[in-house]
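Which chain is which? The protein sequence lines are A and B, in order. Sequential numbering of the first sequence, starting at 3, is according to my numbering. Sequential numbering of the second sequence, starting at 3, is according to my numbering. A virtual CB, placed ideally from N, CA and C, is assigned to each residue, including glycine.
Number of protein chains: 2
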Amino acid sequence: MTPVQASACCRPIDDLLDPELFKALSDPTRSRLLGCLVKCGCACTVSDVGECCAVDLSVVSRHLSLLERAGVVQSSKTGRTVHYVVDYVRLCRTMRAIADAIEQCCPAEQLPGCARGCCGAR
Amino acid sequence: MTPVQASACCRPIDDLLDPELFKALSDPTRSRLLGCLVKCGCACTVSDVGECCAVDLSVVSRHLSLLERAGVVQSSKTGRTVHYVVDYVRLCRTMRAIADAIEQCCPAEQLPGCARGCCGAR
DNA sequence: AGTATATTTGCATTATGGTGCAAGTACGCA
DNA sequence: TGCGTACTTGCACCATAATGCAAATATACT
């Protein structure tokens, strides 16, 4: 396998396996808030989403802004209230891209003897 | 929307948004180890994978076993050495299932005015 | 049996992150 | 201008988790 081939098939993995995205989804409270927002199916205020969980509203605010920084949700401010919506398109595209990238990362090259030199060769 | 319809289209979300899985992918070192294992494309020993990162081998061992507990990789012991492989099928299936579930969670019901009562109604 | 290699586990240290409370900011309304 | 509402930020506290070192375990080899 040439370097060009290798970078073409495997390079996307590093970008897609973004720890920041997964970190955003790794907290039970955030997971619940996101699930709430997904099921809602429309723009929710911070207070609305907060009713899903028995945590302080400041905690909800922080979690939602973190989810936004991670690209999972989007916010829009109208007056005093802030509405959050799930960025369905981006989130779904990312999840599928990860699956695609993993599968396409040279599956045909899989060898029992680890002929590609494995990780040590990087 | 009846309760039956709601549970049919939205219920999978809660199970799929599993914080434990995402927590496993949320650490930079683990992310790197997993990326290494994906690119390798075959079974790697703990020592092999460890060459990806400048961390102690005991750290690598712990990270890999955590990834296994999360269902991301699988291990097999032969003699002294332990080989790890990515559970491609499971990981890819999960990622796509999340995307499917989010999209199928009542997209047709999305209303600007949040007519479903939003999260507060749960 | 004794030694070397591969991996895991115990332990202490340090870093990170979630939480609640209180205070602050921003905006709408009378 | 003053007050109430929606949200955010500062701060302290606590829990969890990542890390390295040293010791322990397990297995192969001679």
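Option in the options with minimal Cα separation from residue i
| i | options | result |
| --- | --- | --- |
| D20/B | G73/B, G52/B, C42/B and S33/B | G73/B |
| E22/A | L68/A, V61/A and R13/A | L68/A |
| I104/A | S63/B, D50/B, Q106/B and T96/B | T96/B |
| T47/B | D16/B, T80/B, R71/B and C107/B | T80/B |
Inter-residue spacing [alpha-carbon to alpha-carbon] between residue i and residue j
| i | j | result |
| --- | --- | --- |
| S77/A | C42/B | 39 Å |
| C11/A | A101/A | 13 Å |
| H65/B | C38/A | 31 Å |
| V40/A | R82/A | 23 Å |
| D29/A | K25/B | 7 Å |
| V61/B | D89/B | 21 Å |
| Q106/B | D16/B | 13 Å |
| S49/B | V91/A | 39 Å |
| L18/A | L59/A | 32 Å |
Close Cβ partners of residue i (< 6 Å) along its chain, the five nearest in sequence each way excluded
| i | result |
| --- | --- |
| A45/B | H85 and V87 |
| P14/B | A103 |
| E70/B | S77 |
| L27/A | none |
Cβ-based neighbour list, residue i, same chain, cut-off 7 Å, excluding 5 preceding and 5 following
| i | result |
| --- | --- |
| V51/A | L35, C38, L39, V62, L66 and Y86 |
| L93/A | V74 |
Own chain, CB closer than 8 Å to residue i, minus 5 neighbours either side, in chain order
| i | result |
| --- | --- |
| A99/B | P14 and L18 |
| P114/B | Residue placement at P114/B is flagged as unreliable, the pLDDT there being 46, under the threshold of 50; a coordinate-derived value is accordingly withheld. |
I'd like to know if the stretch 26 to 42 of chain A and the stretch 53 to 63 of chain A are in contact, where contact means that at least 3 CB-CB pairs between them fall below 8 Å. Yes: at least three Cβ pairs fall under 8 Å.
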